[in-house]
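For reference, the structure is listed below as C-alpha cells.
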Amino acid sequence: MKVLIVEDEKLAIERMQRLLAEIAPPVEVVGSMKTIKDTVTFLQQSATPDLILMDIELSDGTCFDIFKQVAVTSFVVFTTSYHEYALEAFRANSIDYLLKPIRQVDLQNSINKYYEMKQQFVAAYQTETLQRAQDQIQEAWPVTSYRSHFLIKQGQRYKTVAVEDIAYFFVDGRLTYLMTWNKTKMVINHTLEEVEKMVDPGRHHRANRAFVVHKKAVQGFKNTLNGKLQVELYPLIQKEVMISKEKATEFKNWMRE
Numbered sequence: 001m002k003v004l005i006v007e008d009e010k011l012a013i014e015r016m017q018r019l020l021a022e023i024a025p026p027v028e029v030v031g032s033m034k035t036i037k038d039t040v041t042f043l044q045q046s047a048t049p050d051l052i053l054m055d056i057e058l059s060d061g062t063c064f065d066i067f068k069q070v071a072v073t074s075f076v077v078f079t080t081s082y083h084e085y086a087l088e089a090f091r092a093n094s095i096d097y098l099l100k101p102i103r104q105v106d107l108q109n110s111i112n113k114y115y116e117m118k119q120q121f122v123a124a125y126q127t128e129t130l131q132r133a134q135d136q137i138q139e140a141w142p143v144t145s146y147r148s149h150f151l152i153k154q155g156q157r158y159k160t161v162a163v164e165d166i167a168y169f170f171v172d173g174r175l176t177y178l179m180t181w182n183k184t185k186m187v188i189n190h191t192l193e194e195v196e197k198m199v200d201p202g203r204h205h206r207a208n209r210a211f212v213v214h215k216k217a218v219q220g221f222k223n224t225l226n227g228k229l230q231v232e233l234y235p236l237i238q239k240e241v242m243i244s245k246e247k248a249t250e251f252k253n254w255m256r257e
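For the sequence shown, the UniProt record's numbering gives the first residue as 1, with consecutive numbering after it.
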C-alpha cells in the first residue's frame with residue numbers, strides 16, 4: 001500500500017513514519033508534503049496514493065482547501081489535535097479521524113479500515129464491471145424470447161397450442177391459420193408478419209407471403225424451370241408452396257443450418 005503524509009511539522013512526520021514502519025501489512029511512504037500547494041502539485045503530477053494521512057491544520061491553511069483545488073480519489077485519514085474539524089472531515093469522505101498524539105493501535109485500526117473499505121469498493125467495482133459487460137453482450141447479441149404457445153379461440157372457449165406442435169402457419173383469404181403435426185387447422189389472431197417475429201428463425205422460415213414453415217415440415221423441394229423452388233410440406237396442403245428465385249438461396253442455406 002502506498003501512503004502519502006500531509007503534515008507541516010517535522011517531528012510529527014518522523015513520528016508518523018516510525019508508526020507506519022510497524023504497520024502490518026507493510027506500507028510504502030511515497031512522500032511527505034508540508035503545504036496545501038505542494039500537496040496539490042503532488043496529486044496532479046504523481047501516481048495516486050492508496051491512502052493519505054492528512055493533518056488538518058497546515059502552514060498555509062486547512063487541508064480542506066486541497067479538495068477545492070484537485071480531485072482527491074485516495075482514501076483519507078485526517079489527523080489533528082482538535083475536535084472542531086470532525087464534522088468537516090467526515091463531509092470530505094474520510095475513512096477515519098485520528099486525534100494527536102496518534103497511538104500505534106489507532107493507526108493500525110485505520111489501516112485495517114482502509115483494507116476493509118478497499119475490498120468493498122473492489123467487489124462493487126467488479127459487480128458493476130460484470131454488469132456492464134453483460135449489458136454490452138446483450139446489446140451486441142440480444143437474446144430474444146420467442147413465443148412458446150399460441151392462444152386459440154374456438155367459439156366461446158380458448159385453448160393453447162405449443163409452438164413445437166405446429167408444422168406451419170399460412171394465410172388463406174383474410175385469415176391466418178396454423179397447421180399442427182396431427183393435421184389440425186386452426187385460425188389464429190395474428191398476421192403472418194407478426195408470427196414471423198414470434199417464432200425462432202432457426203426453426204421457422206418465411207417461405208413466401210403466404211407461409212411460415214417449420215424446418216421439419218419441409219419434406220423436400222425441387223427447382224422449377226423459372227428458378228423458383230417448389231416445396232413439399234407435411235402435413236400435405238392443397239396449396240402450392242413456391243419460393244421465389246430471389247429467396248431460393250436463402251432458403252437452401254436455412255435448410256443446411
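In this text, a Cβ means the ideal position worked out from N, Cα and C, and glycines have one as well.
- Span of the beta strand (DSSP E), counted from its first residue to its last, around K159: Counting from 1 along the sequence shown, the entry for residue 159 is found at position 159. Start and end: R157 to A162.
- Query: Below 8 Å, can you find three or more Cβ-Cβ pairs linking the region 184–194 to the region 242–257?
  - Reply: no
- Message: I'd like to confirm the pairing. Which residues does DSSP put opposite D60 in its beta bridges?
- Response: Your numbering for residue 60 matches position 60 in the sequence shown. The partner list for D60 (beta bridge, DSSP) is empty, contrary to what the question assumes.
- Do M255 and V195 have their C-beta atoms within less than 9 Å of each other? Here residue 255 refers to the residue found at position 255 when the sequence shown is read from its first residue. Here residue 195 refers to the residue found at position 195 when the sequence shown is read from its first residue. Contact: no.
- Item | Touching by the beta-carbon criterion (3+ pairs, under 8 Å), the region 74–81 and the region 19–34 | no
- Message: Quick check for students: name the residue ranges of the alpha helix (DSSP H) that lie wholly in the region 176–220, counting only runs of 4 or more.
- Response: 192–198
- Query: Can you list the alpha helix (DSSP H) stretches of 4 or more residues lying completely in the UniProt domain "Response regulatory" (2–115), in chain order?
  - Reply: 10–21, 36–45, 64–69 and 86–91
- Determine the DSSP secondary structure at K228, reduced to helix, strand or coil. Residue numbering aside, residue 228 sits at position 228 when the sequence shown is read from its first letter. Here K228 sits in coil by DSSP.
- Query: Quick one, which of L178, F121 and G173 has its alpha-carbon nearest H149's?
  - Reply: Within the sequence shown, numbered from 1, the residue matching residue 149 stands at position 149. Residue L178 is the option with its Cα nearest to H149.
- Can you tell which of C63, H214, A71 and H205 has its C-alpha closest to the C-alpha of T48? As a position in the sequence shown, residue 48 is number 48, starting the count at 1. Of the listed residues, the one whose Cα sits closest to T48 is A71.
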